[in-house]
Every structure is written in C-alpha cells, then in structure tokens.
Amino acid sequence: MHTKYPKHHLIKTGHIEHCQICNSEKLHLILDLGHHPLCDTLLTKEMLDQPENTYPLRMIWCQNCTGVQIDYCVDGSVVYHPDYPYKSGISKPLVEYQKSMALSLIKKYNLTKKDLVVDIGSNDGTLLSGFKQGGVKILGIEPTNIAKYANASGIKTIQSFFDIKESEKIKKKCGKAKLITTTNVFAHMQTIGEMIMGIYNLLEDYGVFISETHYLLDVIQGGQFDTIYHEHLRTYSLRSIIALFDQYDFTVTDVERGDRYGGNIRVHITKGKGRKVSQNVTNLLKLEKKAGLDKLKTYTEFAKSVKKARIDFINFLAKVKKEGKTIVGKSSPGRASTLLNYYGVGKESLPYLAELSNSLKLGMYLPGKHIPIVDEKILFKDKPDFIVVLSWHYGEVIMKRLKKAGLKSDFVIPLPIFKIIKNKDVK
Ligand SMILES: [Zn+2]
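Numbering (our numbering), first residue to last: 413 to 839.
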C-alpha cells in the first residue's frame, strides 16, 4: 500500500496561504466577493430566525501552475451536510449526458464484464447505471444519505468518504479497478492526496482515472464568476491538472471538453509515468496559452467585466422598480447565491426564485438574501414583466421552455454581459 503524498495536498480548514495544487506562493487576488454563506445550505423557514454563518470568498490565481482557487476552506462536513440538496438523476438532460459518458468510456477502454468501474462521489448512481447497462462491474462510493437511494435502485454503493484506507478495503473485497471516475467532485475535495493515492492503490496497472470538473477557460471566457463558491475549492486549467499529477506516478493522457456546468473538461489520467499522450492534450495546452490563462492581465480584465455586469444589473433593477414593472428570478442553482449575494440583491428586488415543480428546494430560502424558492407554476399566474435567468448557462433551453408553455415575459441574462432578451426574440 502506498500512503505518501505531498503535505500541501491536505487542504486544512480556514485561510489558505499557498497554492492548493503546486504549493507556490505566487498567488494573486483577482476578485474579492466579500463574505458569503454556503451556497447549498438553503434555509428553512425556522432557520430565518437563527444566526447565519458566512465565510470569506475570494477568487485567487496561481501564477506558477495557472490554477484558480479560493483562499478560505470551509470544513467539508459543514459544506456537505446531511440535507445537501443535489441529486443528479433528477434532471433528464443530466441522465442522458451521464449515460453517453459511460458508453463513450466503455468503448474507448474496451471495458468488458470482467472489468470494474468505481465512481467516487457517485450520488444516486446515475453514471454507474450507464456502465451497468453496458455489462461492466460497478461500485459507487458516496458519503451522503443519497447512497441509500442508489442501493435501493440496484446500484451497489458504499456509504463512505473515499481515502487510502477505504481504497484498501474495496480492493480486498472487489479487486482492482480498470477505471475510476469522478464527476463534479475533484475540484471540491480537501483531501487531494488521500484521494489520488487511494485511486492509485485501487487502479490496475495502466488503469485510468477520469476526472470531470468545471473548466477554467470556460469560466474566464464566459464571465462565469458565479461558479466561484466555497464548494469549488479549485477551478482547474489543464496545465494545473498536469502540474498536480506531475507530483504523482500518473500521466495525463487525454482530455475532452464538454458543455456541462457551463463548460467542463474530462481529463484522462493513466497510472504510471511516460504513458502515451494524446494530441488533444498538446492542443488544449496551446489554446490555454493563446487565451492568456498564464497572464495576470487576463484575470484583471475578467474582474473588470464582472464589475461592469454587476453595475448594469443593479441599474436595471432600479429602473424596473421606478417604472412600476415586475421582475422575478428563475432557478436557484448554487451560482445564484454567489451572484445575488455579491450583487446585494434581496427579496425587495426579486420577490422569489421559481423552481421546477419536482425540485427538493421548494419551500426553502436562498442563503444570505433569504429569497423564497417557489414552484414555477406561479410564473403563469403572476405573468411578470421580466424573469432573471439565474441558470443562465442553460438560458436558451429555459427561455424556450417557458415561452412554449405560454409565458410572455422578457428575460434578463445576467452574464457574461448583462442583456435583455425580448420574448419575441426567443426562438
Ligand atoms: Zn499553483
């Protein structure tokens, strides 16, 4: 069993002074968003009468490895509380997406019924069900109570955090894995070293670790400052992922870009040094350089445009109120908390956030600003003049659906540049 990893790959709770990825001190403050509550700790009605915790939220860039990160870590057990609201099977596009991801990996790595695929942070088992249908052996690892849903629906899942110790237990019980996947997990963990060495122990020789996370290039080019929140300890560039795995016996062998979470990368990391590297890796590194991800100026320009979008939004709200028109919010993703808390917009300006009728968030309140989250049926009764699309990275789909259902409202897209989309222009 290998248990050694660099000390800086255990992120301690509290203020962080060095780069989480490469340990460099060459860190630059890009955007100070102020103190924020945890974006997925939605409040119940009773909690509105209690004090609410907030933590520093600053976007920091490392000049050495080009990784973006925050410089304050909230303890994982506080962030991922038992009522953590996310459950991936809930949205149909996501189910389809995960299914196609499983199929593509089965094909690329010629997986058969003899091979084991382990998904860490497997949630309700949506991704694994794709592998299971493809006839591959599967195992999920999921720390929250959602593991119970997964097991109930026939996806074998261990309810636990993943670390070196757990990897040994799994190896004894199930054998080594050919593929280990994480989606929307690897940017979140404090225990980077435990995770990577656990994966190392559990993988076969030439086994592959697949990490899918939101992607720095998309965040910067898309003005997506609202993806900065306490769950996202790090926002990886490809260059920073390579810098991370250079510190271990792994090779970054391939990379794919996708449009999940407003732009993501799926990185293929093969056990062992000197493995064959796809041209995709070289090409994307070139693109990152061309886009200036290695230059401070790129990030100061980014911060400037974020501040402009904020002022435009606030001015528009004031104008709407002055003219006696109505405006409400649509959706309450994690990013809505960053955006509205940074903008300082509360329920006096946006009386509610409308969510899908099957959302687990209904009846709760946005952290910090305490805007109620209500069933979107209300939109058809209230017929507001404007709807702010807070899941603006899925803006087109949302606007089309609401228009088709009969809404005549105009839409507000807050980022990357503030804009109004007239109902008649939604095609
Ligand atoms: Zn760094």
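Built from N, CA and C at the ideal position, the CB exists for glycine as well. It should be emphasised that the depicted structure is a prediction, and the values quoted were computed from it without experimental measurement.
State buried or exposed for residue i, treating a residue as buried only when at least 16 other CB atoms are found within 10 Å of its CB.
i	result
His440	exposed
Phe725	buried
His805	buried
Thr595	buried
Tyr755	buried
Thr538	buried
Gln510	buried
Leu628	buried
Lys525	exposed
His427	exposed
Lys839	exposed
Ser743	buried
Asn727	exposed
Ile681	buried
Ser821	buried
Out of the options, which has the shortest C-alpha to C-alpha gap to residue i?
i	options	result
Lys590	Asn522, Asp444, Asp666, Lys793	Asn522
Leu802	Gln475, Leu827, Lys820	Leu827
Gln602	Thr456, Gln481, Val800	Gln481
Arg362	Ile829, Leu791, Asp797, Phe830	Residue numbering for the chain in the displayed model covers 413 to 839; residue 362 lies beyond these limits and cannot be assessed.
Glu767	Ala715, Phe598, Thr710, Val800	Val800
Thr478	Asp706, Asn770, Phe598	Asp706
Asn753	Ser579, Phe598, Phe637, Ile553	Phe637
Cys474	Tyr467, Tyr492, Ser436, Leu454	Ser436
Ala599	Tyr673, Phe798, Gln545	Tyr673
Leu699	Leu729, Val667, Arg687	Val667
Lys737	Asp794, Leu696, Thr710	Asp794
Cys765	Gly746, Glu788, His493	This sequence places Leu at residue 765; Cys is not what is there. Closest by alpha carbon: Glu788.
Based on DSSP bridge pairs, tell me the residues matched to residue i.
i	result
Leu842	Since the first and last residues shown for the chain are 413 and 839, residue 842 lies out of range.
Trp473	His440, Val480
Phe662	Lys683
His448	Tyr467
Arg646	Gln481
Ala766	Lys742, Val786
Gly674	Partner(s): none; Gly674 has no beta bridge.
Leu455	Tyr777
Arg669	Ile677
Glu624	Thr595, Arg678
Phe798	Ile739, Asp822
Ile570	Ile553
His427	Tyr484
Once the 5 residues before and after residue i are set aside, which same chain residues still bring their CB inside 6 Å of it?
i	result
Asp576	The sequence shown places Ile at residue 576, not Asp. Hits under 6 Å: Thr415, Glu606, Met609, Gly610.
Ala559	Thr569, Gln571
Using a Cβ-Cβ cutoff of less than 7 Å, which residues in the same chain neighbour residue i once the five nearest sequence positions on both sides are dropped?
i	result
Leu762	Ile739, Val740, Gly741, Ile783, Val800
For this session: Please list, following the chain, all residues that have a C-beta closer than 6 Å to any non-hydrogen atom of ligand 1.
Result: Checking every Cβ against the heavy atoms of ligand 1 under 6 Å gives Cys431, Ile433, Cys434, Ser436, Cys474, Asn476, Cys477, Gly479.
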